[in-house]
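Participant: Take any residue in the sequence shown, count from 1 to its spot, add 502: that is its number in this note's numbering. Ideal Cβ placement from N, Cα and C applies to all residues, glycine included.
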Amino acid sequence: MKLKFPKRSKTHVTETESWRILDSLAPKDWIVREVTERDYGIDAYIELVDKNDEVTGQLMSAQLKGVDSITWKKGNGGKKLAASPQIKTSTAAYWHGLPVPVFLLVADLAAKDIYFVPVKEVIRGNFEKIEKQGSMTFPLSHSLSLKSSDGPRLFRWFYARERLQPEFAFHITNLISQMDTFADFIRMNQNRDSFMEVEVERHLQFRALYESCRMASLYLESEWPLEELIELYRMDRHDWKDDWALLHEKTLDYALQKLEVLFPALVRKALTLVSETQAGYWQATDRVFFSLCSNGELNMRLKQFEDEIGR
Numbered sequence: 503m504k505l506k507f508p509k510r511s512k513t514h515v516t517e518t519e520s521w522r523i524l525d526s527l528a529p530k531d532w533i534v535r536e537v538t539e540r541d542y543g544i545d546a547y548i549e550l551v552d553k554n555d556e557v558t559g560q561l562m563s564a565q566l567k568g569v570d571s572i573t574w575k576k577g578n579g580g581k582k583l584a585a586s587p588q589i590k591t592s593t594a595a596y597w598h599g600l601p602v603p604v605f606l607l608v609a610d611l612a613a614k615d616i617y618f619v620p621v622k623e624v625i626r627g628n629f630e631k632i633e634k635q636g637s638m639t640f641p642l643s644h645s646l647s648l649k650s651s652d653g654p655r656l657f658r659w660f661y662a663r664e665r666l667q668p669e670f671a672f673h674i675t676n677l678i679s680q681m682d683t684f685a686d687f688i689r690m691n692q693n694r695d696s697f698m699e700v701e702v703e704r705h706l707q708f709r710a711l712y713e714s715c716r717m718a719s720l721y722l723e724s725e726w727p728l729e730e731l732i733e734l735y736r737m738d739r740h741d742w743k744d745d746w747a748l749l750h751e752k753t754l755d756y757a758l759q760k761l762e763v764l765f766p767a768l769v770r771k772a773l774t775l776v777s778e779t780q781a782g783y784w785q786a787t788d789r790v791f792f793s794l795c796s797n798g799e800l801n802m803r804l805k806q807f808e809d810e811i812g813r
């Protein structure tokens with residue numbers, strides 16, 4: 503009589519090989535902690551170690567999926583693109599609610615490579631799918647892999663971007679909400695007596711404008727034309743040799759001339775993000791703000807500002 507024995511499933515083989523590839527490609531500054539309970543869409547916690555070998559709590563969650571081979575197609579600009587395996591939208595909703603960045607890692611067994619997706623950004627751009635569909639896919643880019651020379655650096659960049667998402671959301675909201683106030687400040691505070699110190703209230707208003715524009719520029723991937731604040735202060739001290747005055751009108755004028763060019767484009771991008779690119783997300787999380795950004799009035803006021811400054 504021939505005895506029957508358990509057979510190892512294809513799923514288990516794929517899973518084991520996927521982990522082997524991840525173990526071989528994970529950068530040295532990653533600490534990968536495998537999760538034993540995986541029913542909720544998280545297979546591992548990854549912690550990033552900084553350049554001084556310090557563990558500072560830079561934590562994220564990850565799910566690892568394995569496929570025999572990824573089928574790539576050429577997209578715009580010749581970029582190689584593909585779709586991830588299907589993910590339950592209930593899992594995507596769970597990822598969205600986690601307080602840390604989440605990455606989907608897709609192991610290509612044939613290529614022995616790992617491709618990664620920062621999932622929360624994709625979810626915010628496809629929020630309606632979570633309510634209407636049972637599953638969804640995530641876009642894969644051939645350039646976003648752990649084997650590529652820029653892969654680990656880009657992974658850290660996406661991690662840092664997502665970690666700052668609450669700040670980005672605040673400054674995007676603030677930029678739009680304070681559009682008229684900021685526009686008036688830009689218009690009314692140029693061409694003053696260059697040698698005068700900027701008084702406290704206007705100085706603080708400038709800092710608020712600067713920070714909202716800087717954070718919005720970073721999130722909306724617009725080129726930032728200004729030096730860091732600390733560098734502006736250094737320039738001011740160098741020009742005026744004044745240890746008592748923190749900011750002179752000449753330096754403020756220099757900064758506002760740069761922001762005058764950037765500001766309307768930033769606000770327009772922010773309005774598009776809220777009312778179009780991430781419409782489903784903003785409708786679900788702040789319906790009133792979404793409605794205010796979508797009714798066209800803010801765009802008309804923005805156009806008026808552009809006409810006034812000749813843009």
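Tell me whether the beta-carbon of Phe-605 lies closer than 8 Å to the beta-carbon of Val-624.
Facilitator: Cβ atoms of Phe-605 and Val-624: not closer than 8 Å.
Participant: Could you tell me how far apart the beta carbons of Ala-528 and Val-534 are, in whole angstroms, since I believe they sit closer than 8 Å?
Facilitator: 5 Å
Participant: Assign Arg-626 to buried or exposed, taking buried as 16 or more other Cβ atoms, counted over all protein chains shown, within 10 Å of its Cβ.
Facilitator: buried
Participant: In this structure, does DSSP put Lys-634 in helix, strand or coil?
Facilitator: helix
Participant: Is the number of C-beta pairs between the region 582-596 and the region 636-651 that are closer than 8 Å three or more?
Facilitator: yes
Participant: In chain order, what residues of the same chain lie with their CB nearer than 8 Å to the CB of Lys-760, ignoring the 5 residues before and after it?
Facilitator: The answer, listed in chain order, is Pro-727, Leu-728.
Participant: Find the nearest neighbour of Tyr-547 within the set Leu-607, Lys-575, Gly-580, judged by alpha-carbon distance.
Facilitator: Leu-607
Participant: Go through the region 513-573 residue by residue and report every complete run of the beta strand (DSSP E) that reaches 3 residues or more, in order.
Facilitator: 532-536, 546-551, 557-569
Participant: Once you ignore the five residues that flank Thr-558 on each side, which residues in its own chain have a CB closer than 7 Å to its CB?
Facilitator: Answer for Thr-558: Asp-552, listed in chain order.
Participant: I'd like to confirm something about Arg-522: is its beta-carbon nearer than 7 Å to some heavy atom of the ligand ADP, or not?
Facilitator: This structure lacks the ligand ADP; in fact it carries no ligand of any kind.
Participant: Quick check: what's the CA-CA separation for Val-776 versus Leu-768?
Facilitator: Roughly 12 Å between the two C-alpha positions.
Participant: Quick check on the burial criterion: 16 or more other C-beta atoms within 10 angstroms. Buried or exposed for Val-700?
Facilitator: buried
Participant: Among the residues of its own chain, which have a CB less than 7 Å from the CB of Lys-614, if the five just before and after it don't count?
Facilitator: Ile-523
Participant: I think Ala-747 touches His-673, with their Cβ atoms under 8 Å apart; what is that distance to the nearest whole Å?
Facilitator: About 28 Å separates the two Cβ atoms, so there is no contact after all.
Participant: Please state the DSSP three-state secondary structure of Phe-687.
Facilitator: helix
Participant: Where DSSP assigns a beta bridge to Pro-508, which residues make up the other side?
Facilitator: None; Pro-508 has no bridge partner.
Participant: Residues in its own chain within less than 7 Å of Glu-630 by CB, not counting five upstream and five downstream?
Facilitator: Gly-782
Participant: Give the DSSP bridge partners of His-750, in chain order.
Facilitator: When DSSP reads this structure, His-750 sits in a beta bridge with Glu-699.
Participant: Ignore the nearest five residues each way along the sequence and tell me which others in Glu-762's own chain have a CB closer than 7 Å to its CB.
Facilitator: Ile-688, Ile-811
Participant: When the Cα atoms are used, what is the spatial distance from Gln-560 to Ser-647?
Facilitator: The alpha-carbon separation between Gln-560 and Ser-647 amounts to approximately 20 Å.
Participant: If we ignore side chains and look at the alpha-carbon of each, how far apart do Ser-645 and Lys-582 end up?
Facilitator: Across the structure, Ser-645 and Lys-582 are spaced so that their CA atoms are roughly 8 Å apart.
Participant: Please list the segments of the alpha helix (DSSP H) lying wholly inside the region 594-635, counting only runs of 4 or more residues, in order along the chain.
Facilitator: Listed in chain order, the alpha helix (DSSP H) runs fully inside the region 594-635 are 621-627, 629-634, counting runs of at least 4 residues.
Participant: Mind reading off the beta-carbon distance from Phe-807 to Ala-685? Whole number of angstroms is fine, and I expect it under 8 Å.
Facilitator: At roughly 5 Å, the Cβ-Cβ gap stays under 8 Å, so Phe-807 and Ala-685 are in contact.
Participant: Assign Leu-583 to one of three DSSP states: helix, strand, or coil.
Facilitator: Collapsing the DSSP output to three states places Leu-583 in a strand.
Participant: Which same chain residues end up closer than 6 Å to Ser-696 when comparing Cβ atoms and leaving out the 5 residues on each side of it in sequence?
Facilitator: Glu-751, Lys-752
Participant: How far does the alpha helix (DSSP H) with Leu-800 in it extend, from its first residue to its last?
Facilitator: 799-811 is the span of the alpha helix (DSSP H), which, as asked, contains Leu-800.
Participant: Is the distance from the Cβ of Ser-571 to the Cβ of Leu-611 below 8 Å?
Facilitator: yes
Participant: I'd like to check one pair, Leu-754 with Asn-691: are the Cβ atoms closer than 8 Å?
Facilitator: yes
Participant: When you compare each of Val-515, Phe-507, His-598, Lys-530 to Tyr-542 by their alpha carbons, which one comes out closest?
Facilitator: Checking every option, the nearest Cα to that of Tyr-542 belongs to His-598.
Participant: Provide the residue span of the alpha helix (DSSP H) that contains Pro-463, from first to last.
Facilitator: In the structure displayed, the chain extends from 503 to 813; residue 463 sits before or after that span and is not available.
Participant: Residues bridged to Ile-589 by DSSP?
Facilitator: Met-638
Participant: Would you identify the three-state DSSP class for Lys-743, choosing helix, strand or coil?
Facilitator: coil
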